[in-house]
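Under our numbering, the first residue of the sequence shown is numbered 1, with each subsequent residue one higher. We put the beta carbon where it would ideally sit given N, CA and C, even for glycine. The block underneath contains the structure these notes are about, expressed in structure tokens.
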Amino acid sequence: MRVLIVAKTRRGTGACVGGLTQDGRSVRLVAEDALWNDHAGLEYAVGEVWEIEATPAPALLPPHVENIIVRSKRRLKRVPNLEKIIRRLMPPVEGGPEQLFDGRLQTLPSGGLYIAERTGLPSRSTMFWVPDQPLRRDVEGKRIHYRYPTDDGGRTLTFVGFQEPIEVIPAGALVRVSLAHWWRPKDASPEDELRCHAQLSGWFLPDQSSLGLAVEVPARNPEAVVAPPEPAPDLAAARHVLKHTFGFGEFLPLQEAIITRVLQRRDTLVIMPTGGGKSLCYQLPALLLDGLTVVASPLIALMQDQVSQLHELAVRAAFLNSTLANRDYVSIANRVRGGDVRILYVAPETLLRPETLVLLEQSRLACFAVDEAHCISEWGHDFRPEYRQLQQVRRRFPQAACIALTATATPRVREDIRRLLRIAADGEFVASFNRPNLFLAVQPRRDGLGQVLAFLEQHKAQSGIIYCSVRKQVDSLAAELQARGWPALPYHAGLDAETRRRNQDQFIRDDATIMVATIAFGMGINKSNVRFVLHYNLPRDVESYYQEIGRSGRDGLPADCLLLHSRADAITIRKFIDE
Numbered sequence: 001m002r003v004l005i006v007a008k009t010r011r012g013t014g015a016c017v018g019g020l021t022q023d024g025r026s027v028r029l030v031a032e033d034a035l036w037n038d039h040a041g042l043e044y045a046v047g048e049v050w051e052i053e054a055t056p057a058p059a060l061l062p063p064h065v066e067n068i069i070v071r072s073k074r075r076l077k078r079v080p081n082l083e084k085i086i087r088r089l090m091p092p093v094e095g096g097p098e099q100l101f102d103g104r105l106q107t108l109p110s111g112g113l114y115i116a117e118r119t120g121l122p123s124r125s126t127m128f129w130v131p132d133q134p135l136r137r138d139v140e141g142k143r144i145h146y147r148y149p150t151d152d153g154g155r156t157l158t159f160v161g162f163q164e165p166i167e168v169i170p171a172g173a174l175v176r177v178s179l180a181h182w183w184r185p186k187d188a189s190p191e192d193e194l195r196c197h198a199q200l201s202g203w204f205l206p207d208q209s210s211l212g213l214a215v216e217v218p219a220r221n222p223e224a225v226v227a228p229p230e231p232a233p234d235l236a237a238a239r240h241v242l243k244h245t246f247g248f249g250e251f252l253p254l255q256e257a258i259i260t261r262v263l264q265r266r267d268t269l270v271i272m273p274t275g276g277g278k279s280l281c282y283q284l285p286a287l288l289l290d291g292l293t294v295v296a297s298p299l300i301a302l303m304q305d306q307v308s309q310l311h312e313l314a315v316r317a318a319f320l321n322s323t324l325a326n327r328d329y330v331s332i333a334n335r336v337r338g339g340d341v342r343i344l345y346v347a348p349e350t351l352l353r354p355e356t357l358v359l360l361e362q363s364r365l366a367c368f369a370v371d372e373a374h375c376i377s378e379w380g381h382d383f384r385p386e387y388r389q390l391q392q393v394r395r396r397f398p399q400a401a402c403i404a405l406t407a408t409a410t411p412r413v414r415e416d417i418r419r420l421l422r423i424a425a426d427g428e429f430v431a432s433f434n435r436p437n438l439f440l441a442v443q444p445r446r447d448g449l450g451q452v453l454a455f456l457e458q459h460k461a462q463s464g465i466i467y468c469s470v471r472k473q474v475d476s477l478a479a480e481l482q483a484r485g486w487p488a489l490p491y492h493a494g495l496d497a498e499t500r501r502r503n504q505d506q507f508i509r510d511d512a513t514i515m516v517a518t519i520a521f522g523m524g525i526n527k528s529n530v531r532f533v534l535h536y537n538l539p540r541d542v543e544s545y546y547q548e549i550g551r552s553g554r555d556g557l558p559a560d561c562l563l564l565h566s567r568a569d570a571i572t573i574r575k576f577i578d579e
């Protein structure tokens with residue numbers, strides 16, 4: 001069947017996709033791999049027609065009774081008259097929000113609109129609406145809302161779309177609204193009723209072309225001219241901050257040149273080994289630049305560690321991520337908006353949300369730092385698709401200095417980072433990768449467990465990491481070590497999030513000194529006293545190997561790195577490549 005895409009709603013880092021069939025039936029397209037594909041649905045665009053082969057969803061979860069499972073799909077074309085088609089096939093309701101969803105909406109004290117379980121479901125979970133009053137953007141909460149004016153304070157819908165969240169949606173616009181999943185507050189009792197909140201995901205403005213709804217969040221002024229570099233800064237102030245805030249007497253190699261460039265608001269790429277002082281390259285300028293420094297960081301544990309350390313130095317730093325309660329999230333956002341935060345750490349998926357982009361526009365963004373920048377490159381050893389989208393932020397805020405940092409990057413990866421973030425070749429700094437405090441050894445793996453035990457005997461009461469290539473090996477080796485009295489814990493992506501967090505915390509606090517893990521563990525771990533890294537299997541490549549052994553000896557003291565290998569490792573790696 002042919003499906004016209006009329007709606008695209010944010011769902012984590014992916015999207016929920018709504019469409020209309022030729023006979024006017026409303027459908028919601030669900031990918032076969034939606035349960036594990038974080039980016040499912042992003043390939044569709046509003047206004048496109050797709051040829052879809054689908055089957056009914058095996059279990060329909062109210063209110064999404066329009067779900068179908070997409071088995072195959074093919075993009076056909078883009079229509080020039082989308083608004084006209086929508087008005088014909090799915091006529092909108094007009095007036096106030098009481099017209100929506102068969103009049104079943106309830107109102108929270110805050111003005112939020114929702115369907116209560118006791119009222120029953122409306123005839124459909126998605127619809128179009130022509131409001132008779134303008135809807136104004138409200139950024140006071142964790143999420144952006146649009147407020148319909150009433151005498152008692154208004155009615156609000158949560159914004160979950162991909163469009164630019166304009167300040168006012170005028171009366172007479174064609175607005176797309178939908179229902180979220182059933183939800184109950186975390187602090188509610190099981191007896192409290194389930195709710196299903198109303199959402200707003202897109203609009204056509206009255207004076208807009210018929211493709212208005214298809215416009216996703218654009219990069220502001222993609223060809224904007226960046227302000228000329230500022231004059232060379234007085235490094236006396238930088239040296240004062242270096243000594244009196246961070247407690248260092250001298251800069252490490254390359255730090256002074258990098259910091260000088262960032263203070264001039266010139267874009268910079270920093271390739272510096274673990275322990276070389278990468279973080280200082282953006283933390284110090286953040287205290288001297290006029291405005292906010294935002295840091296895209298891939299790991300929640302890393303940003304929490306960084307913020308805790310900065311607080312000990314009396315630096316006004318904060319983070320925004322999914323671990324924060326709503327009240328704390330809103331409080332931090334208000335502090336950022338008011339200029340009370342100098343360094344803000346955010347996860348890439350948080351940074352790309354429209355409410356975060358609006359927050360940065362309100363906060364005089366001076367510097368945009370991309371930590372673990374190799375994640376942006378498809379050639380990097382730890383490529384992450386959400387990192388690829390950070391180039392949108394780079395284009396949106398051309399006045400902010402951009403500094404990208406990583407401990408390892410091949411020439412090809414470095415070139416890719418510079419191209420995507422528009423960093424000039426003369427802005428690349430590559431430090432020496434010789435770390436004389438690390439002792440590297442390689443042995444054939446003949447008696448794996450015996451070799452591990454012999455190695456651990458030489459490192460009693462020391463903290464270290466043992467890397468295995470597969471989860472099954474992690475679990476069995478950790479169990480073998482525990483049975484022999486070694487304080488070892490497992491870590492891999494197959495464990496639930498709470499177990500991973502608890503095991504990582506115990507390792508960082510030295511409650512358990514040995515972490516047996518896949519490569520899912522370690523990036524950005526801020527633990528200085530790791531005395532050894534043992535690879536039970538051959539790493540994927542030399543770049544990954546360097547990244548992983550770099551987690552040892554960060555305090556500059558000696559650390560041992562042992563690599564065990566066998567022919568079976570090459571077979572396993574080849575299997576991964578084939579898959």
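Using the C-alpha atoms, what's the distance from residue 491 back to residue 549? Across the structure, residue 549 and residue 491 are spaced so that their CA atoms are roughly 17 angstroms apart.
Which of helix, strand or coil does DSSP assign to residue 575? Looking at residue 575 - three-state DSSP - the assignment turns out to be helix.
In whole angstroms, give me the CA-to-CA distance for residue 382 and residue 389. Their backbone Cα atoms lie some 15 angstroms apart in a straight line.
Given that a residue counts as buried once 16 or more other Cβ atoms are within 10 Å of its Cβ, and exposed if not, what is residue 91? Under the 10 Å beta carbon count, residue 91 is surrounded by fewer than 16 other beta carbons and is classified as exposed.
Roughly how many angstroms lie between the CA atoms of residue 567 and residue 432, to the nearest whole one? Annotation: residue 567 to residue 432 spans about 32 angstroms, alpha carbon to alpha carbon.
Where residue 529 falls: helix, strand or coil (DSSP): Correct three-state label for residue 529: coil.
Do the region 567-579 and the region 449-462 make contact, defined as three or more Cβ pairs closer than 8 angstroms? Taking a cut-off of 8 angstroms for Cβ pairs, the region 567-579 and the region 449-462 do not touch, as fewer than three such pairs fall below it.
Going straight from the alpha carbon of residue 95 to that of residue 118, what length do you get? About 25 angstroms.
Would you call residue 588 buried or exposed, if buried means 16 or more other Cβ atoms sit within 10 Å of its Cβ? The structure shown does not extend to residue 588, since the chain spans only 1 to 579, so no value can be given for it.
Between the C-alpha atoms of residue 397 and residue 263, what's the straight-line distance to the nearest angstrom? The C-alpha of residue 263 is placed about 17 angstroms away from the C-alpha of residue 397.
Closest by CA to residue 511, which one among 489, 422 and 37? Selection 489, 422 and 37 evaluated against residue 511 yields 489 as nearest (Cα-Cα).
Check this for me: beta carbons of residue 245 and residue 313, under 7 angstroms apart or not? Between residue 245 and residue 313, the gap from beta carbon to beta carbon is short of 7 angstroms.
Looking only at C-alpha atoms, which of 25, 48 and 33 sits nearest to residue 5? Considering only alpha carbons, the answer is 48.
Just verifying my parser: in three-state terms, what is the DSSP assignment at residue 499? Assigned with DSSP and collapsed to three states, residue 499 falls in helix.
When we look at the beta-carbon of residue 144 and count the other beta-carbons within 10 Å, is it buried (16 or more) or exposed? Label assigned to residue 144: buried.
Does the Cβ of residue 33 lie closer than 6 angstroms to at least one heavy atom of the ligand NAP? Annotation note on the ligand NAP: not contained in the displayed structure, which lists no ligands.
Could you check if residue 439 is buried or exposed, using at least 16 other CB atoms within 10 Å of its CB as the buried criterion? Per the 10 Å Cβ criterion, exposed.
Can you grab the Cα-Cα spacing for the pair residue 180 / residue 281, in whole Å? Distance between the alpha carbons of residue 180 and residue 281 is about 42 angstroms.
Where residue 245 falls: helix, strand or coil (DSSP): Under the three-state reduction of DSSP output, residue 245 falls in the coil class, being neither helix nor strand.
Opening and closing residue of the beta strand (DSSP E) in which residue 26 lies: First-last of the beta strand (DSSP E) with residue 26: 26-31.
Would you check if the distance between the CB atom of residue 538 and the CB atom of residue 569 is smaller than 7 angstroms? Going by C-beta atoms, residue 538 is nearer than 7 angstroms to residue 569.
Do you know how far the Cα of residue 442 is from the Cα of residue 449? Approximately 16 angstroms, taken between the alpha carbons.
DSSP three-state call for residue 429: helix, strand or coil? In this structure, DSSP gives residue 429 an extended state, which the three-state scheme calls strand.
When you compare only the Cα positions, how much space is there between residue 414 and residue 153? Answer to the nearest angstrom: the Cα atoms are 52 angstroms apart.
Looking at the structure shown, is residue 156 part of a helix, part of a strand, or coil, going by DSSP? Three-state DSSP puts residue 156 in a strand.
Counting C-beta neighbours from all protein chains within 10 Å, is the total for residue 326 16 or more, i.e. buried, or is it exposed? With fewer than 16 Cβ atoms within 10 Å of its Cβ, residue 326 is classed as exposed.
Separation of residue 540 from residue 519, as counted between CA atoms: So the two alpha carbons sit approximately 10 angstroms from each other.
Which of the three DSSP states is assigned to residue 83 in this structure? Here DSSP, grouped into helix, strand and coil, assigns residue 83 to helix.
Please work out which residues of its chain come closer than 6 angstroms, Cβ to Cβ, to residue 15, disregarding the five sequence neighbours upstream and downstream, and give them in chain order. The answer, listed in chain order, is 8, 41 and 42.
With C-beta atoms as the reference, is residue 358 less than 7 angstroms away from residue 320? Against a cut-off of 7 angstroms, the Cβ pair of residue 320 and residue 358 comes out as no contact.
With a threshold of 6 angstroms on Cβ separation, who are the neighbours of residue 101 within its own chain once the five nearest residues in sequence on each side are excluded? If the five residues before and after residue 101 are omitted, its C-beta is found closer than 6 angstroms to the C-beta atoms of 122, all from its own chain and listed in chain order.
Alpha carbon of residue 166 to alpha carbon of residue 206, nearest angstrom: Those two C-alpha atoms are separated by around 14 angstroms.
Please state the DSSP three-state secondary structure of residue 377. DSSP places residue 377 in coil when its eight states are reduced to three.
Given 8 angstroms as the limit, is there contact between the region 192-203 and the region 168-184, that is, 3 or more CB pairs closer than that? Three or more beta-carbon pairs separated by less than 8 angstroms link the region 192-203 to the region 168-184, which places the two stretches in contact.
Using the DSSP secondary-structure output, state which residues sit across from residue 51 in a beta bridge. Beta-bridge pairing by DSSP links residue 51 to 2 and 74.
From this set, 530, 565 and 134, which residue's C-alpha is nearest residue 536's C-alpha? Checking every option, the nearest Cα to that of residue 536 belongs to 565.
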